[in-house]
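Everything below concerns the one structure shown next.
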Amino acid sequence: MASGDFRLLRPLVHLLVPLFIHWIAEEMTVSVLVDVTTRALCPGQSSCAKAIYINGLQQTVVGIFKMVVLPILGQLADEYGRKPLLLITISTSIVPFAILAWDVSRAAVYIYFVLRTISYIISQGSILCISVAYAYYLKSAFGFNKNQFSEILLMVSFGSIFSQGVLYGLAWAPWVPYLSASFGVIYVLVKPSTCAIISKAVISSDQGKAQGFIAAVQSVASLLSPVVMSPLTSLFISSEAPFDCKGFSILVASISLIISLGHASLLHSENPNKLPEHEPRQYGDETVEAPLLAQP
């Protein structure tokens, strides 16, 4: 990238720096939340099936409402500006953590989950829900504490979900999650590669619809995955498991990733039917869409 391109990015510094700090704060809470919620909901126990079910319910609710809320937030951002909406959505993360900072009783934890669900819906969605679910598994399988959680999360930045899924599911010693978390260099390319393939397959006037379709598919997946994974995880960390494999649900998830990888290998990045950018398109009256929110 030329130096001139870097100068063009300078106006984004005031946006990227607060987002960077925000995500640091978000990730710092994941390792602590497991101990706090387990101690409040299942005192005296090393694992807590109730916390896993609540986390799965949280992800399901987020997946349902995110499909509706995200387009509305986008329309509001167009009308009132990106900065006010960004400040409002990020600020929703403050109240849930303030509740836990004030009180760590069972009632406070339930209130936290309700408020945090609302925060996920209108802000970052279900990404951290999955991170917390992994953390609950590590606590149940190996008795990890918050310091070890933090070390794992640090290594996850350089590890892949694919490698984590396989090795977490078959983990036989506490050091295995540390090793698996370091194999994720390739995974960071999944999201931009997916968006690039979709972007190249459609013309510029349909880019928003195409990227919105990707978000809708991810929301549906976030809705359906807890229905299967939460009961499966609770079963295999309990004493009623058919065989000893506490990470069986994560192993199932890794098999799903293998299936998706096989399907992705059959995709073509070029679309021969795509119209050139200079070729005009004929739009009929039916292509004119009303805004999500009425203009004043």
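Those letters in the sequence shown? Residues -27 to -1, 1 to 269, by mature numbering (1 follows the signal peptide of the UniProt record, and there is no 0).
Note that beta-carbon positions come from the ideal geometry of N, C-alpha and C, so glycine has one too.
Asked, Found
"Distance, K219 Cα to L208 Cα", "9 Å"
"Supposed contact pair Q32 and S195 - C-beta distance, whole angstroms, cut 8 Å", "6 Å"
"Coarse secondary structure for T65, derived from DSSP in three states", "coil"
"Under the three-state DSSP convention, the category A74 falls into", "helix"
"D8, DSSP secondary structure in three states", "helix"
"Helix, strand or coil at L101 according to DSSP, with G and I counted as helix", "Unreliable positioning characterises L101 in this predicted model, as indicated by a pLDDT of 42, which lies under 50. A coordinate reading is not provided."
"7 Å CB neighbourhood of S203 in its chain, flanking five on each side removed", "I25, Y26 and G29"
"Buried or exposed by the 16-neighbour rule on C-beta atoms within 10 Å, applied to K56", "exposed"
"Beta-carbon contacts of S211 that lie in its chain and below 7 Å, excluding the five residues immediately before and after", "A22"
"Environment of A226 [buried if 16+ CB atoms lie within 10 Å]", "buried"
"Straight-line Cα distance separating P215 from R89", "34 Å"
"Residue span of the alpha helix (DSSP H) that contains L88, given as start and end", "R79 to I95"
"Cβ-based neighbour list, I103, same chain, cut-off 6 Å, excluding 5 preceding and 5 following", "Note that I103 scores 43 on pLDDT, short of 50, meaning its location in the model is unreliable; the coordinates nonetheless yield the value given after this. Excluding positions up to five away in sequence, the list is empty."
"Counted within 10 angstroms of its Cβ, other Cβ atoms place P269 as buried (16 or more) or exposed", "Here P269 scores only 46 on pLDDT, less than 50, and its place in the model is too uncertain to base an answer on."
"Distance CB(L58)-CB(L49) smaller than 8 Å", "yes"
"Pairwise C-alpha distance: D217 and V68", "40 Å"
"Rounded C-alpha distance that separates F(-8) from S96", "15 Å"
"Spatial distance of F221 from P199 (CA atoms)", "14 Å"
"T2 vs F70 beta-carbon contact at 8 Å", "yes"
"Option in W75, L197, A80 and T62 with minimal Cα separation from P(-10)", "T62"
"Presumed contact (8 Å Cβ cut-off) between V77 and A13, rounded CB distance", "6 Å"
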